[in-house]
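What follows is a set of notes on a single structure, which appears directly below.
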Amino acid sequence: MARRYPGDPLEPYLMNRTEHDHQRDQRRAGRKSVNVVTEVTDVITGRPMGQIGNLSGTGMLLIGPMEPRSEAIYQLRLPLPDASGSSPYIEVGVQEQWHEHAASADQFWAGYRIISITEESEAKLQAWLALPS
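Throughout the sequence shown, residue numbering follows the numbering used here, covering 56 to 188 in sequence.
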């Protein structure tokens, strides 16, 4: 078996199958696409962060004009649009997991992990995720 060092860039390729499957499963929480424009705002700066591509109970995919800092932590406010046209807002603390340039100029895809959420926001998020797409 290969020797591994913390922070080794080959770490994902050196994992044994069980570790790799577990890590992939954590990233693959049930995701729900958002079919309307949903502007996500950075609560601290008041600036728009982008639009939701998909959302799960553990994270989200955003596309936006701002390149996030690697592993940065943000406090975000986002709408949860429903069929009635209502969009209750929730606030979540997230940490950037990855980002890359999108096909559109000056746009970035970014994946975030939810690291902090109130019980009230969690209940709203879970109710929204349970709605039919």
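Glycine included, each C-beta is placed from N, C-alpha and C at the ideal position.
Since the model is a prediction, treat every value here as computed from it, not as a measurement.
- A straight-line Cα-Cα distance of about 17 Å links Y167 and R102.
- The criterion of a C-beta distance shorter than 7 Å is satisfied by V147 and I169.
- With three or more CB-CB distances shorter than 8 Å, the segment 109 to 116 counts as touching the segment 85 to 96.
- In this chain, the alpha helix (DSSP H) harbouring Q181 covers E174 to A185.
- The DSSP-derived three-state label of E122 is coil.
- Take S176, set aside five residues on each side of it, and the residues of its chain with a beta-carbon closer than 7 Å to its own are I145, E146 and V147, in chain order.
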